[in-house]
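What follows is a single structure, written as structure tokens, with notes after it.
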Amino acid sequence: MKKNKGTEYKIKSASLNESKLEIIVAEKFLKDAGSFGKVSIAAKVTTNDLGQGSLNFVNIINVGQIEKQGFYLFPKSSKFENPKLIISHTTKPENVFTSLLGVNNILNTSDNFIKELYDVKSIKTPDELRMKIKAKIDHPRSAFTVIKKLSDIFKPKIDNDINHFSQLLEMCNKAEELDIDYDLKDKLRYLISDIILYGSPQS
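Given below as structure tokens:
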């Protein structure tokens, strides 16, 4: 991070759950991304003593206002350049610092992501996206049905106009602020990301 002079970072969130630790670090200053409002590049750093990767870095997008937590979009590598860095349990100590140099490929990519966000066509129909998110949350087999507050967030109708896309982003921001189970929060982030970026959940 220190090599990228002029760019400052801040810890946006930190979560701990049994063997898992998650820290999200984002660029301190946001950039304009058209209908998406202000965004910054963030790195999701996770550990899991029970998994294959001891230390994982994933490039994500932080969408939101400076004074708010914001929410996160997880682009898929098939459509976005989404670098990842995984340091496994078997990595030798002397190789860890060398591997960490790869973090530079994860940070300072906001201009590339912003260009992709401008190309997202589905943002012309914010209420359709809202309904898709709510349908996935309310599905009888959904793990989110027990969280009534979550369904209520996406209940108000939005005019299907590009100018009202900000209302959908505010709903996503409120969903991110909910104090819910670690794993459910992660699933919710991916669900929202897939629908907003691609129009439907991806396999």
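Each residue of the sequence shown is one higher than the one before, counting from 278 in my numbering.
Just so it is clear, CB atoms sit at the ideal spot from N, CA and C, and this is done for glycine as well.
Hey, how far is the Cα of Ser365 from the Cα of Leu465? 26 Å
Rounded C-alpha distance that separates Glu405 from Lys451: Near 18 Å, if we compare the C-alpha coordinates of Lys451 and Glu405.
With burial defined as no fewer than 16 other Cβ atoms inside 10 Å of the residue's Cβ, what is the status of Leu474: buried or exposed? buried
Go ahead and label Arg407 buried or exposed: buried means 16 or more other beta carbons lie within 10 angstroms of its beta carbon, across all protein chains shown. buried
DSSP state of Phe313 mapped onto helix, strand, coil: Secondary structure of Phe313 (DSSP, three-state): helix.
Three-state secondary structure (DSSP) at Leu406? helix
For Ile338 and Phe390, believed in contact at Cβ under 8 Å, the rounded distance: 6 Å
Assign Ala310 to one of two classes, buried (16 or more other C-beta atoms within 10 Å of its C-beta) or exposed (fewer than that). buried
Under 6 Å Cβ to Cβ from Tyr467, same chain only, skipping five residues before and after it: list those, please. Same-chain partners within the cutoff: Phe351.
Where does Glu304 sit, in a helix, a strand or coil, going by DSSP? strand
I'd like to know if the segment 436 to 450 and the segment 396 to 404 are in contact, where contact means that at least 3 CB-CB pairs between them fall below 8 Å. Because the criterion of three Cβ pairs below 8 Å is met, the segment 436 to 450 and the segment 396 to 404 touch.
In the structure shown, what three-state DSSP assignment does Lys432 receive? coil
Beta strand (DSSP E) containing Ala291: first to last residue? Tyr286 to Asn294
Do you know offhand how far Gly341's Cα is from Glu285's? 17 Å
Return the first residue and the last residue of the alpha helix (DSSP H) that Phe442 is part of. Phe442 to Glu454
I need the straight-line Cα distance from Asn325 to Asp463, nearest angstrom please. Taking the straight line joining both Cα atoms gives about 14 Å.
Using C-beta distances below 7 Å, list every residue in its chain close to Ile430, excluding the 5 sequence neighbours before and after it, in chain order. Within the same chain, Met448, Lys451 and Ala452 come within 7 Å of Ile430 by CB-CB distance, once the 5 residues on both sides are set aside.
Cutoff 6 Å; reference Lys321; Cβ partners in own chain excluding five residues on either side: Within the same chain, Lys321 has close Cβ partners Ile301, Val335 and Ile337.
Write down the C-beta distance between Ile469 and Ile410 rounded to the nearest angstrom, noting that I regard them as a contact closer than 8 Å. 6 Å
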